[in-house]
Structures are given as C-alpha cells and as structure tokens.
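For the sequence shown, our numbering begins at 1 and goes up steadily by one. C-beta atoms are modelled at their ideal positions from N, C-alpha and C, and glycine is treated no differently.
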Amino acid sequence: MAHIDPELELYRGLMEQPTEFEDGFDIKTVLGGLFVGLVMLPGAIYLGLMAGQSLGAAAEWTTIILFTEIARRSFVTLKRSEVYILFYVAMGLTVMQGALALSGGAFAMKMFWQYFIRSPAAKGMGLAGQVPNWVVPPASSAAITQRTFFHVDWLLPGGLTFIGYILSRMVWFGMGYTVFRVTSDYENLPFPFAAIQAQGATALAETTTKTETWRWRTFSIGAMAGLVFGCIYVGIPTITEVLLTEPVQLIPIPWVDLTRRTQSILPAVPVGFMTDLGIIGSGFVVPFWAATGSFIAMLGMAVANPQLYKAGILHSWRPGMETINTQFANQIDFYFSLGIGVSLAVAVLGAYEIVRQIRYNRAARQRGEEQRGSWVPPAGRGDFPMWVPLGLYVLGASGYILLCRWLVPGFPIIYIIGFAFLISPIESYVNARMIGLTGQYLGIPMVLEGTIILSRYRGIDIWFAPIPRFNYGGSAQQFRVLELTGNKIVSMIKAEALMFPIATILSLLFWQLVWKLAPVPSPAYPYAQKMWHIQALQRGLWFTSTLNPEHSVFYKAWNLNYCIGGFVAAVAIYALLSALRLPILLVYGVVRGVSGILPHYVVPQMIGALISQFYFIPKFGARRWKQYATVLVAGYSCGMGLVGMGAIALALIGKAVSQMPF
Numbered sequence: 001m002a003h004i005d006p007e008l009e010l011y012r013g014l015m016e017q018p019t020e021f022e023d024g025f026d027i028k029t030v031l032g033g034l035f036v037g038l039v040m041l042p043g044a045i046y047l048g049l050m051a052g053q054s055l056g057a058a059a060e061w062t063t064i065i066l067f068t069e070i071a072r073r074s075f076v077t078l079k080r081s082e083v084y085i086l087f088y089v090a091m092g093l094t095v096m097q098g099a100l101a102l103s104g105g106a107f108a109m110k111m112f113w114q115y116f117i118r119s120p121a122a123k124g125m126g127l128a129g130q131v132p133n134w135v136v137p138p139a140s141s142a143a144i145t146q147r148t149f150f151h152v153d154w155l156l157p158g159g160l161t162f163i164g165y166i167l168s169r170m171v172w173f174g175m176g177y178t179v180f181r182v183t184s185d186y187e188n189l190p191f192p193f194a195a196i197q198a199q200g201a202t203a204l205a206e207t208t209t210k211t212e213t214w215r216w217r218t219f220s221i222g223a224m225a226g227l228v229f230g231c232i233y234v235g236i237p238t239i240t241e242v243l244l245t246e247p248v249q250l251i252p253i254p255w256v257d258l259t260r261r262t263q264s265i266l267p268a269v270p271v272g273f274m275t276d277l278g279i280i281g282s283g284f285v286v287p288f289w290a291a292t293g294s295f296i297a298m299l300g301m302a303v304a305n306p307q308l309y310k311a312g313i314l315h316s317w318r319p320g321m322e323t324i325n326t327q328f329a330n331q332i333d334f335y336f337s338l339g340i341g342v343s344l345a346v347a348v349l350g351a352y353e354i355v356r357q358i359r360y361n362r363a364a365r366q367r368g369e370e371q372r373g374s375w376v377p378p379a380g381r382g383d384f385p386m387w388v389p390l391g392l393y394v395l396g397a398s399g400y401i402l403l404c405r406w407l408v409p410g411f412p413i414i415y416i417i418g419f420a421f422l423i424s425p426i427e428s429y430v431n432a433r434m435i436g437l438t439g440q441y442l443g444i445p446m447v448l449e450g451t452i453i454l455s456r457y458r459g460i461d462i463w464f465a466p467i468p469r470f471n472y473g474g475s476a477q478q479f480r481v482l483e484l485t486g487n488k489i490v491s492m493i494k495a496e497a498l499m500f501p502i503a504t505i506l507s508l509l510f511w512q513l514v515w516k517l518a519p520v521p522s523p524a525y526p527y528a529q530k531m532w533h534i535q536a537l538q539r540g541l542w543f544t545s546t547l548n549p550e551h552s553v554f555y556k557a558w559n560l561n562y563c564i565g566g567f568v569a570a571v572a573i574y575a576l577l578s579a580l581r582l583p584i585l586l587v588y589g590v591v592r593g594v595s596g597i598l599p600h601y602v603v604p605q606m607i608g609a610l611i612s613q614f615y616f617i618p619k620f621g622a623r624r625w626k627q628y629a630t631v632l633v634a635g636y637s638c639g640m641g642l643v644g645m646g647a648i649a650l651a652l653i654g655k656a657v658s659q660m661p662f
C-alpha cells in the first residue's frame with residue numbers, strides 16, 4: 001500500500017460527511033468581501049512589502065470574528081456553510097504570490113515587474129529593455145518614472161491582466177472540479193487536511209450560539225501574543241517611518257544576518273535566523289518529520305559548503321558576501337542543478353506511490369475489503385454534468401492558446417497545446433491524488449522551463465507569455481472542504497464572481513496609492529528592498545537561457561552531473577527510509593531544505609517543531625495539540641495582522657497628509 005505517514009493520520013476522521021447541503025453565499029458574504037477589499041487589502045499589500053508577512057489569516061479570522069460578533073448581538077446564528085464561504089473569500093483576496101510575499105490581487109505582480117526592468121539584476125544580466133511592453137511599460141515611460149497606473153502605457157498590460165483573470169477562473173473551475181469528482185467521489189480518497197478548515201468553520205459557527213469553547217480561549221492567547229510582538233516588530237517601524245527619515249527597527253526585519261561574522265569558520269554558508277515569532281509558531285503546525293528533514297538538509301549544507309568551497313565547486317562565493325549574495329552564488333554553482341535532480345526524484349517517487357496505491361486498491365476490491373467510490377454525487381450538493389466543467393476548461397485553455405499565439409507568434413504552438421491538454425491535466429490529477437492520500441503537494445518540476453529552453457526559442461518574451469501550464473490539484477481539496485461544510489457547489493462559484501471586481505479594481509486603486517507614497521521597493525518597504533533583489537536574480541537566471549546560450553547564466557549554472565547526483569541521492573534516501581519504515585516526510589523536508597529555502601527560516605521553525613513534539617504533544621496528546629496549535633497560530637497571525645493594519649492606517653494617513661500642498 002502507498003506509504004501514508006502516521007502523523008498525517010491525525011487529520012483523518014475529524015469530520016463526518018454531511019447529509020444536507022445549502023447555499024452559503026448570501027448578503028453577509030457580499031458585505032464580508034467588501035470589508036476585506038476595502039479594509040484588509042491595503043493592509044495586506046503594505047504588510048507584505050514591509051515585513052514579508054501574509055495578512056491572510058488576519059483577514060480570514062478578523063472578518064469572521066466581526067461577522068460572528070455582529071450575528072451574536074443581532075441574535076442571529078451563522079451557519080458553518082456561511083462561515084466557510086466568508087473564510088474562502090477572505091483567503092482568496094489576501095493570498096500571497098510565491099516567494100515574493102506579495103498580496104494584493106491581480107496587479108501585485110505588475111509592481112514587481114516595474115522594479116525588475118530597472119533592477120541591477122536585469123541590467124547586469126543584459127535583460128534591461130527586453131521585457132515586452134505588454135507586460136509592463138518601458139522604464140523610460142512616464143507611467144514608470146511618475147509611478148502611476150493611470151497612464152495610457154498601462155492599457156495593454158492592464159487589459160491583459162483582466163483577460164487573464166477571467167481565463168484563469170474558467171480553467172480553475174473546469175479542472176479543479178473535475179479532479180475533485182474523480183479523486184473524492186469516485187476514488188474516495190481521504191483528503192486528511194481538508195477537515196482542518198472545515199473544523200475551523202464549524203467552531204466559529206458554534207460561537208454564534210453563545211457557547212464559549214476552548215477554541216476561543218486558545219485563539220485569544222495567540223492573538224494577544226501577536227498583538228504584543230506585532231507592536232514591536234511591525235508597529236514601531238511603520239509609524240516611525242512616517243515621523244523620521246528612516247524607520248526604527250528594534251528587531252531587524254526580516255532576519256539577523258550573521259554570515260559575514262561566521263565566514264572564517266563557515267565559508268560559503270549563509271548564517272542567521274528569522275526574527276518573526278510566527279516562524280516558531282509554524283513549527284507547531286507543520287509535520288515534525290518534514291521540519292526535521294529541512295533541518296537535516298541545513299546541517300548537511302553547513303558541513304558540505306566549506307568543503308565544496310575548498311574544492312572549487314562553490315567558486316562564486318567571496319568573503320564579505322552577506323546572506324542574499326551567498327545564497328545566490330551557491331545556487332548558481334551547485335544547488336540549482338542538485339535541487340532540480342532532487343525535485344525530479346520526488347515527482348517520480350510520488351507517481352510510484354500513486355501506482356502502488358492503485359494496485360493495492362484493486363487487489364483489496366477483489367478481496368471484498370474495500371467499497372469502490374461512485375460517479376453519482378451526494379444528493380443535494382448541486383453538482384454539474386461533467387460536460388460543463390470540461391467544456392469550461394477547453395474554452396479557457398483555448399483562450400490561453402490564442403493569447404499566447406498573438407503575443408509570442410514565433411513560439412511553436414504545439415508546445416502550448418501540449419501544456420493545455422496533456423501536461424496540465426496529468427499534473428493536476430497526480431497532484432490531487434497525492435493531496436488526497438497524504439496531504440502533500442506534488443508538482444512536476446521544471447517542465448515549463450525545460451520545454452522553453454529545449455524549443456531553442458530566442459528572446460525573453462516567452463517567459464512572460466500566458467502559457468496554459470496549470471496545477472489545480474489543490475482545488476480538489478478546496479471542493480472537499482466545501483462539501484464537508486455542507487455547501488453547495490454554486491456557493492464557491494458565486495464567491496469567485498464576487499472576488500473578481502475586488503481583486504482587480506480595488507487592487508489597481510490600492511497599489512496605485514502605495515506606489516505613490518514611496519517607490520517600491522525602497523527603505524520604506526524593508527522586506528521588499530532586501531528580497532526582491534534575489535528574486536530578480538533568480539528569475540533573470542531563467543530569462544538568460546533563451547538569449548545567447550553560450551553566455552547564459554543559466555547554462556553556467558546547469559550541471560547534469562549534479563542533477564543526476566541529486567536524483568540518485570533522493571531515490572536512495574527514499575529506499576532507505578522505506579526499508580526502515582521511517583517517515584517518508586523526511587524526504588520532502590530534505591527537498592525543501594536544498595531547494596532554495598533559507599536556513600534563517602529553518603532554524604526557528606525547527607525550534608517550534610521540537611517544542612511541539614517533545615513538550616506539548618506529550619502534555620496534551622497529538623490530536624488535541626494539533627487542534628490547539630492550528631487555532632493558536634491563527635490567533636497569532638490575526639493579532640500580528642491587526643497591529644499591522646492599525647500601523648498601516650496611520651502610516652497611509654500620515655504620508656497622504658505630508659504630500660498635500662497645504
């Protein structure tokens with residue numbers, strides 16, 4: 001049978017299958033969406049730029065708390081279906097975009113690209129002036145120099161953003177709903193993490209019955225910790241930045257960098273630690289063996305890097321480099337290729353686990369030990385005929401193909417069609433199945449990048465094209481949570497329709513405001529000022545691979561032997577752990593550790609994981625503590641976010657007043 005980590009079994013059986021379904025979307029959802037868009041969205045933007053923090057949990061919990069308190073005082077009971085749709089809207093509007101730590105809707109990435117075209121990384125790699133004007137106006141445009149979205153040069157990039165959002169929602173529903181029906185209804189997979197959000201919605205709905213539970217006490221403890229720490233970590237720097245020329249940081253944001261101080265004994269090793277207390281809290285929640293795997297990988301690199309430097313493999317590192325440049329130099333010389341090999345191994349091993357699970361299920365059914373799932377959905381859930389989602393996906397994917405053909409006519413269309421109707425469906429299904437079995441995300445790495453490079457296309461515009469490469473396996477879990485909270489399918493569709501104008505129009509307005517107040521990035525936004533540089537370097541590494549291959553930074557970084565070594569090492573570790581019946585989550589943790597995550601993040605998270613594993617779990621029991629930890633961390637995020645929102649409001653008012661001509 002496929003290996004399912006015992007730690008993940010904690011999340012099984014937390015929720016019973018509902019027998020009745022209702023539409024959780026109503027006027028409360030509309031008001032909640034507007035509240036998040038008008039109040040939370042600007043805070044999410046500012047907090048991401050300031051400290052690299054997500055306002056997601058704060059937005060979700062604060063919105064729900066507000067509406068549950070209003071309901072209690074109005075003698076109205078909120079149903080768990082209504083609570084989850086509120087949660088879903090708040091989560092969707094404040095979600096971050098990858099390593100950039102950007103929240104803020106459809107125009108968030110446009111802000112990064114306006115920086116990239118002027119960045120030292122783009123200039124140093126010869127990429128300045130080559131980014132297409134349909135992505136961002138040229139650096140010489142008044143739209144960039146005057147820091148405004150309200151300029152004619154933004155018409156094409158902005159229009160494509162709106163079109164892309166619509167197409168993305170079409171393919172999201174089409175593919176996400178389809179893989180949900182296959183993996184949840186037909187294959188009857190457990191989706192162990194789906195019960196977490198469903199339990200949270202249920203708990204919050206219970207509060208409107210005026211019955212105090214342990215969840216509120218735990219949430220309050222976390223919220224107070226977030227409020228106190230947030231005042232020091234986010235509040236003081238944000239407010240003093242308005243009053244003084246430079247913000248006062250009592251605690252360095254986002255980390256304490258010790259790389260230069262330890263370079264004599266640990267050459268080529270980035271040393272430091274993140275200063276956000278929430279990183280320790282995240283160690284309470286993540287699987288212990290996954291955190292341990294990342295920590296083992298970090299220790300391994302701390303031992304190996306000095307030896308690799310002496311051997312001339314890490315040849316780009318120089319004494320005096322701080323964390324960002326050290327990390328980038330090591331990626332170029334060694335870990336980029338090694339990480340690709342390790343990631344490929346995980347993809348292959350994940351597919352192997354799926355095949356094993358299918359064979360086990362088939363044999364079990366033949367023995368009469370397992371009931372097979374059904375294509376017939378539960379009565380009352382409001383399901384659609386399968387031709388509806390499949391038709392939507394075909395229409396949305398075809399729109400992407402036509403858009404790519406128009407924007408990048410020289411790129412072979414056969415590759416684009418292959419992504420739309422072969423690679424994306426396969427990857428989405430494989431990922432949905434892995435999440436359904438283990439809760440672990442699985443993506444086939446470097447497929448898009450490898451295809452672009454092997455196509456021998458020249459120019460960097462292809463990297464910005466809306467190629468229909470999707471992985472909507474995670475959407476299957478969202479639909480499963482929707483089901484567990486007793487919602488009809490149409491509830492999520494209505495929520496997505498509500499989020500469209502908020503995520504586009506309000507995103508445009510608030511990013512315009514933030515950009516006008518100060519250049520992005522700048523000392524006013526310390527996290528972005530530090531981290532966007534390395535993000536520009538990493539993205540530029542890929543872009544150079546389609547320019548002059550012989551001078552490309554990518555080809556200098558790529559080493560097939562290192563890639564093969566990473567692949568073989570990961571498979572060997574997997575085989576060893578399987579033979580010893582040790583947690584396979586260690587493999588995923590190691591992959592995370594060697595794939596570019598900073599050790600600064602790993603150390604405090606491991607501290608939290610150790611405290612959780614050896615103090616709280618023996619004290620409360622594994623299942624009870626995981627329930628406590630989830631609510632505790634959510635409370636901390638809420639408290640931290642509330643301080644950020646309050647400080648941000650004062651900062652925005654202060655900066656706006658300071659720019660007035662009277």
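Considering just the uninterrupted stretch of the beta strand (DSSP E) at residue i, what are its terminal residues?
i    : result
W255 : 255-257
M274 : 272-274
What separation, rounded to the nearest whole angstrom, lies between the Cα atoms of residue i and residue j?
i    : j    : result
T275 : P254 : 6 Å
I502 : S337 : 40 Å
L610 : P409 : 54 Å
I505 : Q146 : 20 Å
G544 : R458 : Contrary to the premise, residue 544 reads as Thr rather than Gly in this sequence. Spanning the two alpha carbons is a distance of roughly 10 Å.
I332 : R381 : 51 Å
A673 : G593 : Missing from the structure shown is residue 673; the chain here goes from 1 to 662 and no further.
F662 : I232 : Caution is warranted here: a pLDDT of 43 is assigned to F662, below 50, making its placement in the model unreliable, and the coordinate value is therefore given only provisionally. Cα to Cα, the separation comes out at about 33 Å.
V633 : V131 : 40 Å
G646 : Y46  : 11 Å
G566 : R359 : 29 Å
L454 : F411 : 12 Å
N431 : I534 : 29 Å
G635 : P247 : 27 Å
G174 : I85  : 20 Å
G391 : T161 : 23 Å
S398 : H600 : 43 Å
N559 : D23  : 54 Å
A101 : K530 : Residue placement at A101 cannot be trusted, given a pLDDT of 48 that sits under 50; the coordinates are not used to answer.
G98  : W113 : The predicted position of G98 is uncertain, since its pLDDT is 47 and thus under 50; a value taken from the coordinates is nonetheless stated next. Computed Cα separation, rounded: 14 Å.
If the criterion is Cβ atoms closer than 8 Å, does the pair residue i and residue j meet it?
i    : j    : result
I423 : V447 : yes
A329 : W317 : yes
P127 : A528 : Reading the sequence as shown, one finds Leu at residue 127 and not Pro. Against a cut-off of 8 Å, the Cβ pair of A528 and L127 comes out as no contact.
G230 : M640 : yes
G436 : F191 : yes
V89  : T29  : yes
T323 : P270 : yes
W511 : P521 : no
F284 : A622 : no
V686 : A476 : The structure shown does not extend to residue 686, since the chain is modelled only from 1 to 662, so the question has no answer here.
V591 : F295 : no
W154 : P137 : yes
L498 : A121 : no
Y574 : G341 : no
Give the single residue among the options whose Cα lies nearest to the Cα of residue i.
i    : options                : result
I401 : F87, I462, V355, S475  : I462
W134 : I117, W216, V39        : I117
I426 : A347, G382, I414, S455 : A347
L513 : I279, G396, F107, E22  : F107
E483 : R72, R181, F150        : R181
P664 : V342, I489, A364       : In the structure displayed, the chain extends from 1 to 662; residue 664 sits before or after that span and is not available.
With residue i as the anchor, note down where its alpha helix (DSSP H) starts and where it stops.
i    : result
A716 : This structure cannot speak to residue 716, because the chain is shown only from 1 to 662.
G283 : 277-285
M40  : Neither: M40 is in no alpha helix (DSSP H) and is coded neither H nor E.
W134 : Careful: W134 lies outside any alpha helix (DSSP H) and carries neither H nor E.
V248 : No alpha helix (DSSP H) holds V248; DSSP gives it neither H nor E.
H533 : 526-543
C231 : No alpha helix (DSSP H) contains C231, which DSSP labels as neither H nor E.
Taking 7 Å as the cut-off, does the CB of residue i come closer than this to any heavy atom belonging to the ligand SAH?
i   : result
F67 : Among the ligands in the structure shown, none appear at all, so the ligand SAH cannot be discussed.
Can you pull the DSSP bridge partners for residue i?
i    : result
N487 : E22
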